[in-house]
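**Student:** So that we are looking at the same thing, I have put the structure below in structure tokens.
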Amino acid sequence: MSRQIRITAGEIQVEAELNDSPTAQAIADVLPIKASAQRWGGEIYFSIPVEAETEEGARDVLEPGELGYWPTGNAFCIFFGRTPASQDEEIRAASDVNIIGRVEGDVSRLWDVPDGAPILIEAA
Numbered sequence: 003m004s005r006q007i008r009i010t011a012g013e014i015q016v017e018a019e020l021n022d023s024p025t026a027q028a029i030a031d032v033l034p035i036k037a038s039a040q041r042w043g044g045e046i047y048f049s050i051p052v053e054a055e056t057e058e059g060a061r062d063v064l065e066p067g068e069l070g071y072w073p074t075g076n077a078f079c080i081f082f083g084r085t086p087a088s089q090d091e092e093i094r095a096a097s098d099v100n101i102i103g104r105v106e107g108d109v110s111r112l113w114d115v116p117d118g119a120p121i122l123i124e125a126a
């Protein structure tokens, strides 16, 4: 069963939905999560207190608004634009991520979240 979450990043707030994957469930079980945003082009990522293996279906090319979990860095990732690893107009992660959900609505305002901004993920 999917779960609604709210992500507050600095002054920006978005609603999102976690999917039914084991990694998404593990993340839902530890909410709320507080962290500090790290930017990598059109990706916001930050370490979270969840350890998960790479799941079937993990990939490194994402769609705008997809949420991922990066097993290599135990990191929650929000994808909204090109990254330094992107080719052409694709959104590419550093390596495969588990797909854990999606931001609802317009993700373009996430470009306004600065590196180091406080992040809060909580149940909506």
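Mapped onto this note's numbering, the consecutive letters of the sequence shown carry residue numbers 3 to 126. Even glycine gets a Cβ: it sits at the ideal position worked out from N, Cα and C. Here the structure is a predicted model, which is why all the values come from computation and not from measurement.
Just the Cα atoms here: how many angstroms apart are E55 and A125?
**Tutor:** 23 Å
**Student:** Quick one: what's got a C-beta closer than 8 Å to T25's C-beta in the same chain, skipping five residues either side?
**Tutor:** V52, A54, E57, Y71, N100, I102
**Student:** Would you give the residue range spanned by the beta strand (DSSP E) that A28 belongs to?
**Tutor:** Here A28 belongs to no beta strand (DSSP E); instead the alpha helix (DSSP H) covers 24 to 31.
**Student:** When the Cβ atoms of the segment 34 to 51 are set against those of the segment 82 to 100, are three or more pairs found closer than 8 Å?
**Tutor:** yes
**Student:** DSSP on S110, reduced to helix/strand/coil?
**Tutor:** helix
**Student:** Assuming contact is defined by CB atoms lying nearer than 8 Å, are P66 and F78 in contact in what I supplied?
**Tutor:** no
**Student:** Quick one: using the 10 Å Cβ neighbour count with 16 as the cut-off for buried, is E2 buried or exposed?
**Tutor:** With the chain running from 3 to 126 in the structure shown, residue 2 is simply not present.
**Student:** For the beta strand (DSSP E) containing F81, name the first residue and the last one.
**Tutor:** 77 to 81
**Student:** According to DSSP, simplified to helix, strand and coil, what is T56?
**Tutor:** coil
**Student:** Using a 10 Å radius around the Cβ and a threshold of 16 neighbouring Cβ atoms, would you call V32 buried or exposed?
**Tutor:** exposed
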